[in-house]
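First the structure, in the form of structure tokens, and then the observations on it.
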Ligand SMILES: [Zn+2]
Ligand SMILES: [Zn+2]
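Residue numbers (the numbering used here): 11 to 283.
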């Protein structure tokens, strides 16, 4: 595959999420759990031009994905897409000019084909997206990720397969979650079928998702309470026979350097080319 898109993960985790996919003719913002000011500050740090954003996609109603949306929408003229379930789920969302789409929607935005797919999370109708650039009926580039899901649905496995850049939720280390400070109901919620993917679940899925086209695997929505970057990296690296560099760090390489495994951050924006 050829790098015709870029991915900017401006924030990932339970304290706020926002990502931008930059396509050939425009960019798409996925979720906004940051203030407008913080979104712009982080975008500038990694050279992400928010003036190119031509549409906003909302995965689900949780505050870590939507807290900044109302203000962003006041300054944005383009379409904002969410499922009808998400659009109706919270008062602050019902007041926004959201365009309702199905969780398997297919949109053309910024020169990209955007394919929605459903997730399993304790919200109304969650979805995530695969982004493709197609030339002469051939997929030349693909980026997808999935977070906020208790397991990967069959359509999620399909959508995540064979991407050049693949993001996968590695929310918690099961032992760290069990030993951690959260009350039992919250531990059960996180580990349940409508909660979040663990390091082990992500690692188990990974070999079925990567192909020779895959260049980057990013662990996403990594919990600051129930996980560590090095644990998430280690789990994913092991699954694809990648070697941590340096040992004990949170970046790994495999396939003679053609595949990189890394971990997204709650606080530091990251750019992937
Ligand atoms: Zn979340
Ligand atoms: Zn969520």
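Cβ atoms here follow ideal geometry from the backbone N, Cα and C, with glycine treated the same way. Just so you know, these numbers come straight off a predicted model, no measurement behind them.
Nearest to residue i (by Cα), restricted to the options the options
i	options	result
residue 186	143, 234 and 154	234
residue 31	248, 80 and 57	57
residue 117	79, 11 and 67	67
residue 208	216, 179, 220 and 226	179
residue 46	182, 224, 121 and 83	83
residue 192	236, 175, 79 and 86	236
residue 41	55, 155, 12 and 251	155
residue 125	205, 146 and 38	38
residue 13	73, 108, 150 and 176	150
residue 50	74, 106 and 78	78
Burial state of residue i (16 or more Cβ within 10 Å)
i	result
residue 5	With the chain represented from 11 up to 283, any question about residue 5 goes unanswered, as that position is not in the structure.
residue 188	exposed
residue 97	buried
residue 101	exposed
residue 229	buried
residue 195	exposed
Cβ-based neighbour list, residue i, same chain, cut-off 7 Å, excluding 5 preceding and 5 following
i	result
residue 240	258, 259 and 260
residue 121	33, 34, 35, 36 and 143
Cross-strand partners of residue i (DSSP beta bridge)
i	result
residue 127	138
residue 161	The partner list for residue 161 (beta bridge, DSSP) is empty, contrary to what the question assumes.
residue 282	17
residue 230	179
Residue-chain proximity (residue i, chain B), Cβ-Cβ < 8 Å
i	result
residue 26	Looking for chain B here will not work: only one protein chain is present.
Beta-carbon contacts of residue i that lie in its chain and below 8 Å, excluding the five residues immediately before and after
i	result
residue 123	116, 117, 141, 142, 143 and 144
residue 104	97 and 98
residue 253	247, 262, 263 and 264
residue 53	18, 20, 30, 59, 60 and 279
Count the CB pairs spanning the stretch 152-167 and the stretch 109-127 that are closer than 8 Å, and state whether there are at least three.
yes
Between the stretch 134-142 and the stretch 207-215, do three or more beta carbon pairs fall short of 8 Å?
no
Check whether the stretch 15-24 touches the stretch 240-250, taking contact to mean three or more Cβ pairs, one atom from each stretch, closer than 8 Å.
The answer is no - the stretch 240-250 does not touch the stretch 15-24, with fewer than three Cβ pairs under 8 Å.
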